[in-house]
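Below is one structure, written out as structure tokens; comments come after it.
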Amino acid sequence: MLSVVGARPNFMKIAPIVSELQRRGEEFNSVLVHTGQHYDETMSKIFLDELGVGAPDHMLGVGSGSHAQQTARVMERLEPVLLEISPDIVLVPGDVNSTLAASLTASKLGVPVAHVEAGLRSFDRTMPEETNRLVADAVSELLFIHSPEAISNLRREGIAPEKIHVVGNTMIDTLVAMAPYIDAFDAPGNLGLRSGEYLVVTLHRPALVDGPLLAQAVEALATVARELPVVFPVHPRTRAAMAATAEPTRVPKTLRLLEPIGYVEFLSLVKSSAAVLTDSGGIQEETTFLGIPCFTLRANTERPVTCTVGTNMLLGLDPARITDIPALLNGGHGRRGTVPEGWDGRAAVRIVDVLARIPLPEAQPAVF
Ligand code: UD1
Numbered sequence: 004m005l006s007v008v009g010a011r012p013n014f015m016k017i018a019p020i021v022s023e024l025q026r027r028g029e030e031f032n033s034v035l036v037h038t039g040q041h042y043d044e045t046m047s048k049i050f051l052d053e054l055g056v057g058a059p060d061h062m063l064g065v066g067s068g069s070h071a072q073q074t075a076r077v078m079e080r081l082e083p084v085l086l087e088i089s090p091d092i093v094l095v096p097g098d099v100n101s102t103l104a105a106s107l108t109a110s111k112l113g114v115p116v117a118h119v120e121a122g123l124r125s126f127d128r129t130m131p132e133e134t135n136r137l138v139a140d141a142v143s144e145l146l147f148i149h150s151p152e153a154i155s156n157l158r159r160e161g162i163a164p165e166k167i168h169v170v171g172n173t174m175i176d177t178l179v180a181m182a183p184y185i186d187a188f189d190a191p192g193n194l195g196l197r198s199g200e201y202l203v204v205t206l207h208r209p210a211l212v213d214g215p216l217l218a219q220a221v222e223a224l225a226t227v228a229r230e231l232p233v234v235f236p237v238h239p240r241t242r243a244a245m246a247a248t249a250e251p252t253r254v255p256k257t258l259r260l261l262e263p264i265g266y267v268e269f270l271s272l273v274k275s276s277a278a279v280l281t282d283s284g285g286i287q288e289e290t291t292f293l294g295i296p297c298f299t300l301r302a303n304t305e306r307p308v309t310c311t312v313g314t315n316m317l318l319g320l321d322p323a324r325i326t327d328i329p330a331l332l333n334g335g336h337g338r339r340g341t342v343p344e345g346w347d348g349r350a351a352v353r354i355v356d357v358l359a360r361i362p363l364p365e366a367q368p369a370v371f
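All residue numbers for the sequence shown refer to the numbering used here, where the first residue is 4 and numbers rise by one.
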């Protein structure tokens, strides 16, 4: 089983699977490849260390670049690794460029692809991740899903039902496994924040940060921070965009801009917050699981279940709405959510059970 990770959210999605494969070491050989899409210590290594995944077996070192460059570099560097190792299955989590590139490379070599977090759709083709999801799902033999609408999304695209496996959410497995460490970490206390009395913010999507909306969002956050302290660990893409265009003019002390932080510290902050404002995908799920109100600064979500049963609310791609957050919280938003089925800490066990019973084809030489 060869798993490919590349960017920050991949690590918590793959960690429980790698750990379960290692636990069942008599049945499985697990190989981990890191493409190097994310390479800063705070964007990559800190997560592998904290989650106990250990050092990847192969580092491809692709780094940053345009979408074509990044995708092409992963494909060029992954292909010889796959030819050397000849895995029975390649596992790819999520929807980042590394997911797309790895699934294409494996599929072209005739290696079955298993996509973890399959079937999510924002129906917004301007999002790079939507193309990545569509392609990864189209070339996958095993589609592991954790969200009820994924089945109809995949069936509509002609994916055979026998390829679809309802397994639950491996990102929540990680949250459950790491709960003791998260509980023991007092991130708000370390930052001088009072439990339940601050807003956590993450913003990094190109649609928001690579244009004029970022400056408006930062101004709106400065306004909110006068009422509700704001803590904002800033993604490198956002930091660069901010330096270029969005340096806030009057930042109150209660708007704290931090460097990116590790998994345990971040979840400790979220768990004791009044609410979270984000444009991330995974954080919409983590807040639903933790019962923390979430506001998503996007026009759509590929995770509608977090709005229909969870604690999430779509604000639209509209920074002016940020200043509504204190009133929405006073009005009770996000207090009553439930947790979707299969978000229970056991998804990786179910995935590995499926992998164990898949009849593998006879090894075929790659045909060029
Ligand atoms: C990527 C994913 C996005 C995911 C996000 C999580 C794609 C298309 N996008 O977006 O789906 O939500 O990761 O973080 O795959 N940079 C650093 N250090 C790093 C990595 C990046 O400084 O370790 C900077 C570089 O300037 C780089 C920029 O961030 O050009 C963007 O990185 P990239 O991996 O291209 O996309 P993300 O915005 O991180």
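Cβ atoms here follow ideal geometry from the backbone N, Cα and C, with glycine treated the same way.
Check whether the Cβ atoms of residue 3 and residue 23 lie closer than 9 angstroms to each other. Residue 3 falls outside the range modelled here, since the chain spans only 4 to 371, and no answer is possible.
Could you tell me which of 48, 328 and 347 sits nearest to residue 337, measuring between CA atoms? Position 334 of the sequence shown holds residue 337. The shortest Cα separation from residue 337 among 48, 328 and 347 belongs to 328.
Legend entry - Any non-hydrogen atom of the ligand COA closer than 8 angstroms to residue 266 Cβ: Of the ligands this structure carries, namely the ligand UD1, none is the ligand COA.
Item to complete: Give the secondary structure of residue 235 by DSSP, where H, G and I count as helix, E and B as strand, and everything else as coil.
Response: In the sequence shown, residue 235 corresponds to position 232, counting from 1. Residue 235 falls in the strand class under three-state DSSP.
Notebook entry, point to check: What is the rounded straight-line gap between the Cα of residue 300 and the Cα of residue 124?
Noted result: Numbered from its first residue, the sequence shown carries residue 300 at position 297. Numbered from its first residue, the sequence shown carries residue 124 at position 121. Rounded to whole angstroms, residue 300 to residue 124 spans 17 angstroms at the Cα level.
- Item | Which listed residue (287, 4 and 346) has its alpha carbon closest to that of residue 30 | Locating residue 30 in the sequence shown gives position 27, where the first residue counts as 1. Among 287, 4 and 346, the Cα nearest to that of residue 30 belongs to 4.
Have a look at the DSSP bridge pairing and note the partners of residue 316. Here residue 316 refers to the residue found at position 313 when the sequence shown is read from its first residue. According to DSSP, residue 316 bridges with 298.
query = Cβ of residue 135 versus every heavy atom of the ligand UD1: is any distance shorter than 8 angstroms?
reply = One-based indexing of the sequence shown puts residue 135 at position 132. Answer for residue 135: yes, Cβ within range of the ligand UD1.
Check your understanding: Closest to residue 141 by CA distance: which of 15, 163, 347 and 354 is it?
Key -> Taking the sequence shown and counting its residues from 1, one reaches residue 141 at position 138. Ranking the options by Cα distance to residue 141, first place goes to 163.
State yes or no: is the C-beta of residue 373 within less than 9 angstroms of the C-beta of residue 64? One cannot answer for residue 373 here, as it falls past the ends of the chain, which runs 4 to 371.
Whole angstroms are fine: how far does the CA of residue 117 sit from the CA of residue 66? Taking the first residue of the sequence shown as 1, we reach residue 66 at position 63. Taking the first residue of the sequence shown as 1, we reach residue 117 at position 114. Going by the C-alpha atoms only, they are around 24 angstroms apart.
Quiz item: How big is the Cα-Cα spacing for residue 96 and residue 39?
Solution: Against the sequence shown, residue 96 aligns to sequence position 93. Against the sequence shown, residue 39 aligns to sequence position 36. So the two alpha carbons sit approximately 15 angstroms from each other.
Practice problem: Output the distance between the C-alpha atoms of residue 102 and residue 120, rounded to the nearest integer angstrom. | Solution: Taking the sequence shown and counting its residues from 1, one reaches residue 102 at position 99. Taking the sequence shown and counting its residues from 1, one reaches residue 120 at position 117. So the two alpha carbons sit approximately 11 angstroms from each other.
**OP:** Return the chain-ordered list of same chain residues with a C-beta closer than 8 angstroms to the C-beta of residue 286, the five sequence neighbours on each side being excluded.
**Re:** Translated into the one-based positions of the sequence shown, residue 286 becomes position 283. So the list reads 205, 273, 279 and 297, once near-sequence residues are dropped.
Under 7 angstroms Cβ to Cβ from residue 240, same chain only, skipping five residues before and after it: list those, please. In the sequence shown, counting from the first residue as 1, residue 240 sits at position 237. Same-chain partners within the cutoff: 207 and 212.
May I ask you to report which of helix, strand or coil DSSP gives residue 41? Translated into the one-based positions of the sequence shown, residue 41 becomes position 38. Residue 41: coil per DSSP, three-state reduction.
Less than 8 angstroms between the CB of residue 312 and some heavy atom of the ligand UD1, yes or no? Along the sequence shown, read from residue 1 onward, the residue named residue 312 stands at position 309. No, the Cβ of residue 312 stays beyond 8 angstroms of every heavy atom of the ligand UD1.
Hey, how far is the Cα of residue 168 from the Cα of residue 349? Here the question's residue 168 lines up with position 165 in the sequence shown. Here the question's residue 349 lines up with position 346 in the sequence shown. The straight-line gap from Cα to Cα measures roughly 14 angstroms.
Within the same chain, show all residues whose beta-carbon is closer than 7 angstroms to that of residue 228, passing over the 5 residues directly before and after it, in chain order. Translated into positions along the sequence shown, residue 228 becomes position 225. Result list for residue 228: 255, 257 and 258, in chain order.
Notebook entry, point to check: Fully enclosed by the stretch 271 to 298, which beta strand (DSSP E) runs are 3 residues long or longer?
Noted result: 278 to 281
Quick one: does the C-beta of residue 99 sit closer than 8 angstroms to a heavy atom of the ligand UD1? On the sequence shown, position 96 is the one that residue 99 refers to. Checking every heavy atom of the ligand UD1 against the Cβ of residue 99, one is found closer than 8 angstroms.
When we look at the beta-carbon of residue 72 and count the other beta-carbons within 10 Å, is it buried (16 or more) or exposed?
One-based indexing of the sequence shown puts residue 72 at position 69. Exposed.
| task | Quick one: using the 10 Å Cβ neighbour count with 16 as the cut-off for buried, is residue 90 buried or exposed? | result | Numbered from its first residue, the sequence shown carries residue 90 at position 87. That one is buried.
Worksheet item: By Cβ distance, which residues of its chain are closer than 8 angstroms to residue 45, with the 5 residues on each side in sequence left out?
Response: Start at 1 with the first residue of the sequence shown, and residue 45 comes out as number 42. Contacts found: 262, 263, 264 and 265.
(Q) Helix, strand or coil, according to DSSP, for residue 61 in the structure here? (A) Working through the sequence shown from its first residue, we reach residue 61 at position 58. Of the three classes helix, strand and coil, the one that applies to residue 61 here is strand, per DSSP.
task = Flag residue 335 as yes when its Cβ comes closer than 8 angstroms to any non-hydrogen atom of the ligand UD1, and as no otherwise.
result = Against the sequence shown, residue 335 aligns to sequence position 332. Result no, Cβ not under 8 angstroms from the ligand UD1.
Starting from residue 259, follow its DSSP beta bridges and name the residues at the other end. In the sequence shown, residue 259 corresponds to position 256, counting from 1. Paired residue(s): 234.
Look up residue 118 in the DSSP assignment and give the residues it is bridged to. For this step, residue 118 is matched to residue 115 along the sequence shown. Looking at the DSSP assignment, residue 118 forms a beta bridge with 95 and 146.
With residue 205 as the anchor, note down where its alpha helix (DSSP H) starts and where it stops.
Your numbering for residue 205 matches position 202 in the sequence shown. No alpha helix (DSSP H) contains residue 205, which is instead part of the beta strand (DSSP E) from 202 to 205.
Run through DSSP, which three-state label would residue 5 get?
Indexing the sequence shown from 1 puts residue 5 at position 2. Strand.
Checklist entry - Helix or strand or just coil, what does DSSP make of residue 56? => result Here residue 56 is taken as the residue at index 53 of the sequence shown, counted from 1. Note: residue 56 maps to coil in three-state DSSP.
Using CA atoms only, rank isn't needed, just tell me which of 191, 32 and 50 is closest to residue 431. It is not possible to answer for residue 431, since the shown part of the chain is limited to 4 through 371.
Worksheet item: How many Å lie between residue 55 and residue 185 at the Cα?
Response: Here residue 55 corresponds to residue number 52 of the sequence shown, with the count starting at 1. Here residue 185 corresponds to residue number 182 of the sequence shown, with the count starting at 1. When rounded, the distance between both Cα atoms is 14 angstroms.
Tell me whether residue 106 counts as near the ligand UD1, meaning its Cβ is closer than 8 angstroms to at least one heavy atom of that ligand.
-> Residue 106 sits at position 103 when you count from the first residue of the sequence shown. Residue 106: no, Cβ never under 8 angstroms from the ligand UD1.
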